[in-house]
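First comes the structure, then the notes that go with it.
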Amino acid sequence: MPLSDLYDPGRGYLVNDTCIIEADVAVRKVVDYWSHDSKKETGYVGLKNQGATCYMNSLLQTLYHIPYFRKAVYHMPTTENDNPSGSIPLALQSLFYKLQYSDTSVATKELTKSFGWDTYDSFMQHDVQELNRVLCEKLEDKMKGTVVEGTIQQLFEGHHMNYIECINVEYKSTRKESFYDLQLDVKGCKDIYASFDKYVEVERLEGDNKYHAEQYGLQDARKGVLFIDFPPVLQLQLKRFEYDFVRDTMVKINDRYEFPLQLDLDRENRKYLSPEADSSVRNLYTLHSVLVHSGGVHGGHYYAYIRPTLSDQWFKFDDERVTKEDMKRALEEQYGGEEELPQTNPGFNNSPFKFTKYSNAYMLVYIRESDTDKIICNVDEKDIAEHLRIRLKKEQEEKEQKRKEKAEAHLYTIIKVAQDEDLVHQIGKDIYFDLVDHDKVRQFRIQKQLTFNSFKEEVAKEFGIPVQFQRFWLWAKRQNHTYRPNRPLTPQEETQSVGQLREVSNKANNAELKLFLEVAVGLDMQPLPPPEKTKEDIILFFKLYDPIKEELRYVGRLFVKGNGKPMDILKKLNEMAGFAPDEEIELFEEIKYEPNVMCEHIDKKLSFRSSQLEDGDIICFQKSPQGLSSEECNYPTFSAFLIYVHNRQVVRFRSLEKPKEDEFCLELSKQNNYDEVVEYVARRLGLDDASKIRLTSHNCYSQQPKPQPIKYRGAERLTDMLIHYNQISDILYYEVLDIPLPELQGLKTLKVAFHHATKDEVVIHTIRLPKQSSVGDVINDLKSTVELSHPDAELRLLEVFYHKIYKIFPLQEKIENINDQYWTLRAEEIPEEEKNLGPNYRLIHVYHFMKDTAQNQQIHNFGDPFFLAINDNETLGEIKMRIQKKLHVPDEEFSKWKFAFLSLGRPEYLQDSDIVSSRFQRRDVYGAWEQYLGLEHSDNTPRRSYAANQNRHTFEKPVRIYN
């Protein structure tokens, strides 16, 4: 501040040579977001966000902190056999229990799974009010017939009375309705009381809007709403989002809107209440929760301020994070409106900078003070079913154990031990290539400092195999991405610690140690000491393939000499397989599985070394396939069978009409071509003509069908149908067509809106014609299906976009390039006066329009545009009479209409005496949409129904809970 301003007596800074300075100091604790412990700091925990579920989290926290509601949820009957993912009551009980007793933030996936939601739903933001209604309806339904039946009504249900009362006669009509929440206007209201005033505002029905009373006919009347009773828990939805009819879009109302800590609905002699209301009930409410939306109409973030015990302490529940907040932050800072930035030079006369606050209250929850003790009740473990306590305590213990194991992971090593019996159980069932799935074998969690010999004692206890009979082999990952037993541990290695052995043997994966336990057995199946292994010895594993049964099984392992030959062990292999000693068998070596199967025939006369066989290799053998016919077996050799297994794909098929339900499954090959896939589907559905099947691929991200179906033979293989970017799906959607798909693809499908000449109706017709057809063919097709005003009526086809006519299609134009996806195709009869226009007549465009006062008088067209034939000497007054007759507009309303000539969006208003044709420069109607006769009036045409939910964003799909 300049000293001259400070010393200026007129400014009042200095009084009696003294300047008083006031400092407003706010001390806030600086908290690291990531290290913040919500439970420790506040006593409460948050909810994890699944992607876009902050709206749901804020609502769930609000409901949880209504103890009466929480207690009712706990008392809903569930059993220990219920699955939380399929039971909404159990999933909600589990969630509330964890919120009450957990020390860390709680996941909501179980609950959303119980809703029947998939990942796509979790990433789609919805409306809090809509979710609240749908969830409460579901719970109300599931509480029927239980000890908590009626809880939702007892908490949230109020009643109001709609009335119409005649002024001049004794007649009154009333209708009682219930509500679970109230939608209050924000626009044009400064606070809640102004909204309630507007809610009960009396509307006068008079003039053209008189009320038709029974026995009395049309009467002047008063229409309004009064409340009969309010619920103990009053939920107020603030209409922050509303549809702007002028802009044809949803907008957010960020106006300042005040709400009190204490709400008195008995004010001014109970003006909100009907005479029927119970006068003994005091409708004084205290604020419990403020749900906030931060952002714009197309998205944002939701969180809640809650007073769990109705004390002076507020808490902010923002997904996983819970913090203490003061009353100003919870109330005043959520009013919305504008905020001024502090001036940097307060002595100068500069105007303050204002900005709109996009964070504001969206939903309020009040609790009636006389019901506080009942609603804010005590909820403890005795309210929770025993099976639920046991289940959830076990979950908590398991979670704690996992946390402990994770914290101590650096002290331990996981050792996975595979045995022959694992190979027997898995090969031919879980796996076909390689030897074992290591995730399905016995795992040991061993301290790294423990010696390996000590670990062998653990194995002896677990498997009952004495230490002296155990020999362990290390698995090694080969270049072809297979795991095979590579070499046995040396006696020296077995004296090392487990940690040392892990580092030496498996540097590529230092978290696990994979071992194969070799145990030799005698004829009596008792364990023997492992045989001596020389450098010349090779351990081989053997599988047996049966081409008739299409079965594969593990039959054992053998040590062979490197210079030996397969023909030396043929009798032993036949014995292992149960074949005759002289059975002719073929041998194959498994080499690799991905990306393509590689399986080579083994020459029985070459040595094992010459065939490049080494420790851990796998040989599959079978009876000689010679003489086997295709009728006897599909895959005569092991290599053919392995290729089949590699390409095998189970596909879940769903009807396109029911895209969330699996209808049937088919086992197919990834190499099946298009014709084979649709043939299998047609056979499963019992159809003779597979060409009537149309398939649609699955979008792995949205979990929905792709918008465009697969064209006839548009995918070469099944793999091409299932792939979505870099992901492979196992879902296909099907539909059964009326005509073969190739024929349908040769047709052009158009949706045409037919406007009847004399009736006020529009009928949508779907027309399918060959792509080379003309507009004339479309007209002829329509004539055979629509109702005409007379048999000789002629039709025309128009292209309409944003309430303007852009084109009249010539009859000879081909339909192949007509796009009805963005433009509206309109068919109508050609009026007689527009046929064969003389030289003094012209056809002009006539459109309805209105001005948007909020957008600088911008022109907005609406309604149905039309053509009008006018004479070169015709005045506006004469034309108006014809327009009024054509549109059937009453005199009183038509008198309010204005008429203008518009060129490029600029209106020139006309008088009744003006010659209209002089304004138009062109006689043809092609490209003439920028010049038109405009009819300015308010838009009274029926709208899409947005009133059902004022707050839903335009991009949202409705909230559904499926279970």
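Those letters in the sequence shown? Residues 182 to 1144, by this note's numbering. For every residue, glycine included, the Cβ atom is placed at its ideal position computed from N, Cα and C. Note that the structure is predicted; figures quoted are calculated from it, not measured.
Q. What does a CB cutoff of less than 7 Å around Lys786 pick up in its chain, not counting 5 residues either side in sequence?
A. Taken in chain order, the residues that qualify are Lys746 and Met748.
Q. From this set, Ile1051, Val414, Leu733 and Glu699, which residue's C-alpha is nearest Arg1100's C-alpha?
A. Out of Ile1051, Val414, Leu733 and Glu699, Ile1051 has the C-alpha closest to the C-alpha of Arg1100.
(Q) Going by DSSP in three states, Arg865 sits in which element: helix, strand or coil? (A) Looking at Arg865 - three-state DSSP - the assignment turns out to be helix.
Q.
Using the three-state DSSP reduction, which class does Asp499 fall into: helix, strand or coil?
A. Taken through DSSP and simplified to helix, strand or coil, Asp499 comes out as strand.
(Q) Assuming contact is defined by CB atoms lying nearer than 7 Å, are Glu765 and Ser805 in contact in what I supplied? (A) In contact: Glu765 and Ser805 (Cβ atoms closer than 7 Å).
Q.
At the level of alpha carbons, what is the spacing between Gly927 and Gly808?
A. Cα to Cα, Gly927 sits roughly 48 Å from Gly808.
Q: Determine the DSSP secondary structure at Ile557, reduced to helix, strand or coil.
A: DSSP places Ile557 outside both helix and strand once states are collapsed to three, so it counts as coil.
Q | Tyr735 vs Val605 beta-carbon contact at 7 Å | A | Yes, these two residues count as a Cβ contact at 7 Å.
Q. Straight-line CA distance for Pro921 to Asp1045?
A. Whole-angstrom Cα-Cα distance: 37 Å.
Q) Who are the near neighbours of Ser460 in its chain, counting only those whose CB is closer than 6 Å to its CB and skipping five residues on each side? A) Apart from sequence neighbours up to five positions away, no residue of its chain approaches Ser460 with a beta-carbon distance below 6 Å.
Q | Contacts around Met508, its chain only, beta-carbon distance under 8 Å, and the 5 residues preceding and following it disregarded | A | Leu442, Asp493 and Trp495.
**Q.** Boundaries of the beta strand (DSSP E) in which Ser376 is found, first to last residue
**A.** Run containing Ser376: none in the beta strand (DSSP E); it sits in the alpha helix (DSSP H), Ile373 to Tyr380.
Q) Between the stretch 727 to 734 and the stretch 710 to 718, do at least 3 Cβ pairs fall closer than 8 Å? A) Result no; under three Cβ-Cβ pairs closer than 8 Å.
Q) Closest to Asp366 by CA distance: which of Phe377, Ser359 and Phe360 is it? A) Here the closest residue by C-alpha is Phe377.
(Q) For Glu222 and Thr504, I'd like the C-alpha separation in whole angstroms. (A) So the two alpha carbons sit approximately 7 Å from each other.
(Q) For a quick check, are the C-beta atoms of Tyr245 and Gln274 less than 7 Å apart? (A) Result no, Cβ atoms of Tyr245 and Gln274 do not sit closer than 7 Å.
Q. Nearest to Asp500 by alpha carbon, out of Glu842, Glu1073, Tyr188 and Gln231?
A. Nearest C-alpha to Asp500: Gln231.
Q. Tell me, which residues are paired with Glu1089 by DSSP?
A. DSSP, once it has assigned bridges, lists Phe1082 as partnering Glu1089.
(Q) For Phe723, report the span of its beta strand (DSSP E) as first-last. (A) Run containing Phe723: Asp718 to Asp727, per the beta strand (DSSP E) assignment.
Q: Tell me, to the nearest whole angstrom, how far the beta carbon of Met544 is from that of Gln418; I am working on the premise that it is less than 8 Å.
A: Going by Cβ atoms, the distance from Met544 to Gln418 rounds to 6 Å, so yes, they are a contact pair.
Q: Output the distance between the C-alpha atoms of Leu1057 and Glu980, rounded to the nearest integer angstrom.
A: If you take the alpha carbons of Leu1057 and Glu980, they lie about 27 Å apart.
**Q.** Cα-Cα separation, Lys465 to Asp447
**A.** A small fix is needed here, since residue 465 is Leu in this sequence, not Lys. Note on geometry: alpha-carbon atoms of Leu465 and Asp447 lie some 7 Å from one another.
**Q.** Cut-off 6 Å between Cβ atoms - residues of its own chain near Leu899, not counting five sequence neighbours on either side
**A.** So the list reads Leu849, Lys851, Asn853 and Val858, once near-sequence residues are dropped.
Q. How long is the line joining the alpha carbons of Gly398 and Arg385, rounded to whole angstroms?
A. Take the alpha-carbon of Gly398 and the one of Arg385: they are about 16 Å apart.
Q. Thr327 and Tyr344: beta carbons closer than 7 Å?
A. Not in contact: Thr327 and Tyr344 (Cβ atoms no closer than 7 Å).
Q | Own chain, CB closer than 7 Å to Leu709, minus 5 neighbours either side, in chain order | A | Correct list, in chain order: Phe650, Ala701, Val702 and Gly703.
Q. What are the boundary residues of the alpha helix (DSSP H) that Cys317 is part of?
A. Element bounds for Cys317: Val309 to Lys323.
**Q.** Residues that DSSP places opposite Ile571 in a beta bridge
**A.** Paired residue(s): none; Ile571 is not in a bridge.
(Q) Could you give the first and the last residue of the continuous alpha helix (DSSP H) run that contains Glu897? (A) Glu897: not part of any alpha helix (DSSP H); DSSP gives it neither H nor E.
Q) Are the stretch 893 to 913 and the stretch 942 to 953 in contact at 8 Å, needing three or more beta carbon pairs? A) As far as the Cβ criterion goes, the stretch 893 to 913 does not touch the stretch 942 to 953, which means the pair count is below three.
**Q.** Straight-line gap, Phe614 to Asp620 (C-alpha atoms, nearest Å)
**A.** Taking the CA atoms as reference points, Phe614 sits about 15 Å from Asp620.
Q. Which residues bound the alpha helix (DSSP H) around His1041?
A. Counting along the chain, no alpha helix (DSSP H) covers His1041; the unbroken beta strand (DSSP E) around it starts and ends at Gln1039 to Asn1052.
Q. How big is the Cα-Cα spacing for Thr293 and Glu997?
A. When rounded, the distance between both Cα atoms is 46 Å.
Q: Give a yes or no on contact between the stretch 403 to 410 and the stretch 321 to 337, applying the rule of three or more CB pairs nearer than 8 Å.
A: In short, these stretches do not touch, since the Cβ pair count stays below three.
Q. Distance, Cα to Cα, Arg1104 vs Lys1077?
A. Bear in mind that the predicted position of Arg1104 carries a pLDDT of just 47, short of 50, making it unreliable; the figure below should be weighed with that in mind. Each residue's alpha carbon lies about 30 Å from the other.
**Q.** Neighbourhood of His879 by C-beta distance below 6 Å, restricted to the same chain and skipping five residues each side
**A.** Excluding sequence neighbours, His879 sits near Ser910 and Ile912.
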